[in-house]
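S.K.:
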Amino acid sequence: MTEYRPIPEEYEERHNAITGYAFDAGSGPSDPGEAIDERRQRRWSFGEDRGIFDGDDLAACGTHIEFTVRLRGEWLPMAGLSGVASPPERRRQGFVGELLEASLREYRERDWPIAALRPFEHDFYARYGWATGCRYHTAIVDPATLSAVRSAATGEFRRVEPDEYATLEPVFE
Numbered sequence: 002m003t004e005y006r007p008i009p010e011e012y013e014e015r016h017n018a019i020t021g022y023a024f025d026a027g028s029g030p031s032d033p034g035e036a037i038d039e040r041r042q043r044r045w046s047f048g049e050d051r052g053i054f055d056g057d058d059l060a061a062c063g064t065h066i067e068f069t070v071r072l073r074g075e076w077l078p079m080a081g082l083s084g085v086a087s088p089p090e091r092r093r094q095g096f097v098g099e100l101l102e103a104s105l106r107e108y109r110e111r112d113w114p115i116a117a118l119r120p121f122e123h124d125f126y127a128r129y130g131w132a133t134g135c136r137y138h139t140a141i142v143d144p145a146t147l148s149a150v151r152s153a154a155t156g157e158f159r160r161v162e163p164d165e166y167a168t169l170e171p172v173f174e
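The C-terminal position of the sequence shown is numbered 174 in this note's numbering, with every residue numbered one higher than the one before it.
1. Mind listing, in chain order, the continuous alpha helix (DSSP H) runs of no fewer than 4 residues lying wholly within the segment 86 to 147?
2. Is there a Cβ of chain C sitting closer than 9 Å to that of alanine 86, yes or no?
3. Distance check for arginine 111 and proline 78, CA to CA, integer angstroms please.
4. Taking phenylalanine 51 as part of the beta strand (DSSP E), name the residues at either end of that continuous run.
5. Cβ of phenylalanine 47 within 9 Å of Cβ of alanine 117?
6. What residue does the beta strand (DSSP E) around aspartate 184 start on, and which one ends it?
7. At which residues does the alpha helix (DSSP H) containing phenylalanine 24 begin and terminate?
8. Let me make sure I understand the geometry here. Which of Glu4, Val85, His123, Asp58 has the alpha-carbon closest to that of threonine 133?
9. Less than 8 Å between the CB atoms is what I'm expecting for glutamate 99 and isoleucine 141, so what's the real figure, rounded?
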């Protein structure tokens, strides 16, 4: 019997091992004696973690993040689903599908009318009824916020004609 519920703190190591393998398998298995990588800890420190538990085993996990989006002139709450993963030995057993369904039920209970996720593979989530909703987004950022990344280099933007393409080569070197 499975259960959908928040992931308690005592499962933090297991949760990190699952997401670490799913999203950073090239680094190899996590070492239980090693401190959790600060970057990975920050990445998953926002939002609310949920899991599908098969008995005491965390079989699938994901993180819920509340966003606000503007749709047709109206600001609405939107659920973001991130970090959906299951360990290799628990894949193809329906746990991810169960997590997705339970997450959507929770979003409806919270009156979050829109849900979004960034898929690792579109076809995988299409099997569960998810589809591409947009191909771009707009961010409004105060220019002062970006001052720390401003280059000291100066220059100008202008249209370049085909016979001037050679002038662009230094940019790509």
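Ideal Cβ placement from N, Cα and C applies to all residues, glycine included.
M.R.: In brief:
1. 96 to 110, 123 to 127
2. No chain C appears in the structure shown, which is made up of a single protein chain.
3. 9 Å
4. First, the residue type needs correcting, since residue 51 is arginine and not phenylalanine in the sequence shown. Element bounds for arginine 51: 49 to 55.
5. no
6. Since the first residue of the chain shown is 2 and the last is 174, residue 184 is not available in this structure.
7. 13 to 25
8. His123
9. Not a contact, Cβ separation roughly 37 Å.
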